[in-house]
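These notes are about the structure you will find just below.
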Amino acid sequence: MKFYILLFPFMILLFITTGCSNRPIKANNSGFFNDYKNLDLSKKIEVYKYKDILVSPVIVVSNVEKKNQTDSQKKLYKEISDYLTLALKKVVDSNKMYNLVEEESDHSLKLESAISAVEVHFEDEKWNNNTPVSLGMDVVSYNAYRDESVRLLGESRLVDSWSSEVFTRTRSIQKDFVISLVNEKIEFKNLKPSLDSWITTFEKNLSN
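Quick note on our numbering: the sequence shown kicks off at 6 and runs consecutively.
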């Protein structure tokens with residue numbers, strides 16, 4: 006009996022510290038796009054037809070089931086969404102090509118966006134760096150955060166407000182900004198540099 010008592014904690018520790026070597030490398034992606042083919046899709050937008058952009062609230066793809074989300078996680082996800090949505094509105098409002106609007110029309114585009122976390126291993130050519138990881142703590146995600154292998158992934162698309170025809174789809178991993186833990190938790194202040202980096206990338210893409 007004593008042998009099993011001693012063995013059990015060891016097996017738990019082994020399971021937690023196994024790392025990504027035994028994990029599948031095929032990514033399911035965030036699920037924000039209906040499909041992940043032709044991600045470089047970009048149609049020439051008729052500037053004279055589309056003068057306005059409506060910014061939809063940014064979706065936080067947490068990969069944590071809603072029923073399992075803690076109050077602090079729900080608060081964090083709302084803070085992320087509110088912060089990014091406001092930032093995107095400011096970008097559109099300052100853009101010389103488009104007007105920021107709050108209502109749809111036959112000459113408006115809708116900006117739909119999402120933010121999620123991915124586990125990356127840039128040095129491993131076989132690893133899919135689009136592999137989702139939770140914006141929250143579990144056995145798998147803890148290893149990734151501990152190893153400083155988590156980055157934020159920003160995704161966006163511009164669609165016709167009425168027909169939903171897609172004109173552009175972009176996704177960008179913020180490679181230079183490691184998502185670290187604070188007292189075993191994810192805090193907004195640690196995400197902010199990465200969030201700001203994605204906004205800057207979006208601003209450059211919108212101006213091109």
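All C-beta atoms, glycine included, are put in the ideal place defined by N, C-alpha and C.
Measure the CB-CB distance between residue i and residue j and report whether it falls below 8 Å.
i      : j      : result
Ser166 : Leu59  : yes
Ser121 : Pro137 : yes
Glu124 : Ser99  : no
Val65  : Ile85  : yes
Leu158 : Val69  : no
By how many angstroms is the C-alpha of residue j removed from the C-alpha of residue i?
i      : j      : result
Thr149 : Leu89  : Reading off the sequence shown, one finds Ala at residue 149, where the question assumed Thr. Answer to the nearest angstrom: the Cα atoms are 24 Å apart.
Ile184 : Asn135 : 15 Å
Phe182 : Ser169 : 33 Å
Glu3   : Lys194 : Limits of the chain in this structure are 6 at one end and 213 at the other, which puts residue 3 out of reach.
Lys72  : Lys190 : 19 Å
Asp57  : Tyr103 : 5 Å
Arg151 : Arg162 : 32 Å
Locate the alpha helix (DSSP H) running through residue i, then write down its first and last residues.
i      : result
Ser169 : Looking at the DSSP string, Ser169 is not in any alpha helix (DSSP H), and its letter there is neither H nor E.
Lys83  : 76-99
Ile204 : 193-212
Span of the beta strand (DSSP E) holding residue i?
i      : result
Ser121 : 113-124
Asn104 : 104-106
So what does DSSP say about residue i, is it helix, strand or coil?
i      : result
Val164 : strand
Val187 : strand
Val60  : strand
Ser177 : strand
Val69  : coil
Entirely within the segment 124-155 and at least 4 residues each: give me those alpha helix (DSSP H) ranges in chain order. Whole alpha helix (DSSP H) segments, 4+ residues: 144-151.
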